[in-house]
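What follows is a short report on a single structure.
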Amino acid sequence: MKPEFETEIPNIEIPDQFNAATAFVDANVAKGRGNKVAIYYQDQQLTYNDVLRLVNKTGNALKSLGIDVENRVLLLLFDCPEFVASFFGAMKIGAVPIPTNTLLTAQDYEYLLNDSRAKAIIVSEPLVEKIESARDRLKYLEHIIVVGKAKPGQISFAELIEKASSELQAADTSKDDAAFWLYSSGTTGFPKGAVHLHHDMIYASEYYAKGVLNITEEDITFSVAKLFFAYGLGNGLYFPFSVGGSTVLNPARPEPLMIFETIHNCRPSLFFCVPTAYASMLQVENAENKYDLSSVRVCVSAGEALPAAVYNRWQDKFGLEILDGIGSTEILHIFLSNRQGKVKPGSSGQLVPGYEAKIVDDDGQEVPTGEVGNLLIKGDSTAAYYWNKHDRTKSTIIGEWIATGDKYHCDEDGYYWYAGRSDDMIKAGGIWVSPVEVENTLIEHQAVLECGVIGATDKDELVKPKAFVVLRAGVQASPELAHELQDFVKSRIAHYKYPRWIEFVPELPKTATGKIQRFKLRNLHAQQ
Ligand code: 3UK
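Rendered as structure tokens:
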């Protein structure tokens with residue numbers, strides 16, 4: 003459907019020769035914001051002058067190691083100023099940074115490094131062992147640059163940039179050059195590198211951050227979702243930098259108390275979070291009296307659907323609305339969103355200006371208003387393609403449209419309502435979990451004959467992985483065994499993927515060809 007807007011959709015003109023690092027960093031200094039705080043990090047405050055110096059030094063340092071235009075550089079970093087310097091420093095020399103999930107295993111990083119053929123990795127010290135342990139199998143990696151203490155065979159980030167010049171001319175990239183990649187999980191468990199272009203962050207900033215959030219240079223952002231997620235990258239970095247605002251970066255795990263304390267102490271005006279974290283923050287007793295949230299003018303939720311109950315409890319307790327919106331790694335940021343004063347709790351809101359939506363049946367025909375179908379989106383922040391995944395690219399990006407993989411219906415008022423995935427992928431705490439990967443791991447346990455994994459809802463209506471397990475003959479089901487299986491999964495793949503519930507069953511529903519019918523398991527769970 004064609005959207006109707008109260009405000010003009012900004013007409014964005016980007017010159018053919020364009021480097022996003024210049025637009026988000028140098029431009030702020032050029033506009034006279036050099037002494038403004040860009041980053042609050044622990045007890046440090048970095049101004050835009052400081053950030054520009056760091057970005058230039060990092061770009062020059064990477065060049066000195068032989069990193070050239072189009073070379074990939076993997077970032078495996080906690081949220082910190084070095085992340086910002088590496089992301090924009092690499093981009094400024096025309097290289098391609100790849101922010102990467104810090105919660106994965108050595109095996110996952112081996113895949114990502116070989117698939118991307120990154121020449122260098124910039125990694126936070128506590129994570130470096132996961133790279134070293136796979137080093138023999140890394141076919142293209144030349145440099146391990148460590149933020150923290152470097153061991154022999156590694157390069158210290160601080161020492162590397164210390165000697166580098168703080169003057170750097172941006173590479174003459176095109177607005178359509180690859181600027182950065184973001185990996186997105188697939189059903190098979192092998193992630194796909196979504197290739198984003200230099201113009202993409204401009205569109206997301208203009209349309210969503212300015213168009214929906216009305217972000218200005220007065221704003222201070224704080225994002226619970228880390229910078230390595232597409233969601234966090236906008237929230238905590240290029241949105242505030244698009245207007246010369248400030249960001250609060252925190253490297254720690256986002257536990258509820260840490261989140262409250264950060265809001266209380268750093269006084270952000272825009273707070274970005276995910277449903278699971280909103281739900282756990284609501285568990286903190288008396289938080290509304292202990293912590294001062296008065297600096298926050300907008301709360302945002304994305305990553306998975308925000309249940310109406312969580313929305314209502316948050317509003318009752320803190321007097322703040324939450325704007326639920328849906329975004330994706332491929333589309334870069336949010337394209338459907340609720341607006342202040344016009345929230346329909348439980349919905350994903352209305353179209354973001356600059357994007358178009360279509361809901362179609364399996365033959366590609368648009369469905370009538372109110373009917374559920376597959377959601378397609380058109381908008382200029384969308385990734386160009388998946389790296390080395392031609393078939394997946396063709397089935398996902400169809401001309402100017404991209405298939406989100408989500409089922410939606412649109413109501414009479416133009417609000418969109420999430421109705422589940424069209425594949426079996428699970429979103430838990432806003433992070434992808436592939437059921438196939440969890441099943442393949444469980445199967446390796448000697449007690450397991452076969453299993454099926456689905457997303458099941460908890461008491462807050464939030465989705466978490468659940469496993470249906472058929473045991474081998476002679477093995478006795480017990481709560482202890484269920485525990486053992488959970489620990490087994492945690493020890494082999496990223497922790498957040500473990501099944502929160504295990505149900506032992508005598509058999510699994512299957513197709514004639516022997517494929518597990520996960521939708522039948524979902525129905526079974528729904529009936530319980
Ligand atoms: C699901 C939602 C219902 C949906 C993201 C904001 O989540 C982000 O990107 P991912 O690639 O996942 C995308 C998929 O997640 N989803 C996200 N938000 C919602 N479902 N309601 C929501 N509000 O399946 C979607 O296709 O990890 C979120 C900004 C940038 C992002 N990349």
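Using the working numbering, you'd call the opening residue of the sequence shown number 3 and step up by one each time. The beta-carbon is built from N, C-alpha and C at its ideal position, and this holds for glycine as well.
- Per DSSP, F273 lies in no alpha helix (DSSP H) segment; the continuous beta strand (DSSP E) that holds it begins and ends at L272 to C275.
- Counting other Cβ atoms within 10 Å of its Cβ, I14 stays below 16 and is therefore classed as exposed.
- N116 and K292 have their C-alpha atoms some 48 angstroms from each other.
- Around the CB of F243, 16 or more other CB atoms lie within 10 Å, so the residue is classed as buried.
- In the DSSP assignment, R137 falls outside any alpha helix (DSSP H) and carries neither an H nor an E.
- According to the DSSP secondary-structure assignment, S176 is paired through a beta bridge with Q19.
- One thing to note: P253 has its Cβ within 8 angstroms of the Cβ of D81.
- Contact between the segment 312-325 and the segment 183-196 is absent, with fewer than three C-beta pairs closer than 8 angstroms.
- Within a 10 Å sphere around the beta-carbon of R55 sit 16 or more other beta-carbons, which makes this residue buried.
- Just so you know, the alpha carbons of S176 and V57 end up roughly 20 angstroms apart.
- Judged by the Cβ position, G401 fails to qualify as a neighbour of the ligand 3UK at the 7 angstroms threshold, every heavy atom of the ligand being at least this far.
- Y185 has G195 as its beta-bridge partners, per DSSP.
- Contact annotation: W503 and K461 have beta-carbon atoms that are not nearer than 8 angstroms.
- Under the DSSP assignment, F90 falls outside any beta strand (DSSP E), being part of the alpha helix (DSSP H) whose first and last residues are P83 to K94.
- For I504, the distance from the CB to the nearest heavy atom of the ligand 3UK is not below 7 angstroms.
- Straight-line spacing of the CA atoms in T515 and T278 works out to 37 angstroms.
- Judged by their CB atoms, D179 and H200 are nearer to each other than the 8 angstroms cut-off.
- For the pair A211 and T102, the Cα-to-Cα distance works out to about 23 angstroms.
- Spatial neighbours of Y240 in its own chain (CB-CB distance under 7 angstroms, excluding positions within 5 residues in sequence) are listed in chain order as F26, M203 and S207.
- Contact between the segment 106-125 and the segment 489-502 is present: three or more C-beta pairs spanning the two stretches fall below 8 angstroms.
- For Q47, the CB contacts under 8 angstroms within the same chain, skipping 5 residues up- and downstream, are V39 and I41 in chain order.
- Three or more beta-carbon pairs separated by less than 8 angstroms link the segment 224-236 to the segment 86-102, which places the two stretches in contact.
- If you draw a straight line from the Cα of G375 to the Cα of I336, it comes to about 20 angstroms.
- Rounded to the nearest whole angstrom, the CA to CA distance from L251 to Y205 is 23 angstroms.
- For S350 against Y280, the beta-carbon gap comes to about 15 angstroms, at or over 8 angstroms, which does not count as contact.
- The C-beta distance from I333 to I404 rounds to 6 angstroms, short enough to meet the 8 angstroms contact threshold.
- Residue state for D326 is assigned as strand, using DSSP reduced to three classes.
- R255 counts as exposed, since fewer than 16 other C-beta atoms from the protein chains shown sit within 10 angstroms of its C-beta.
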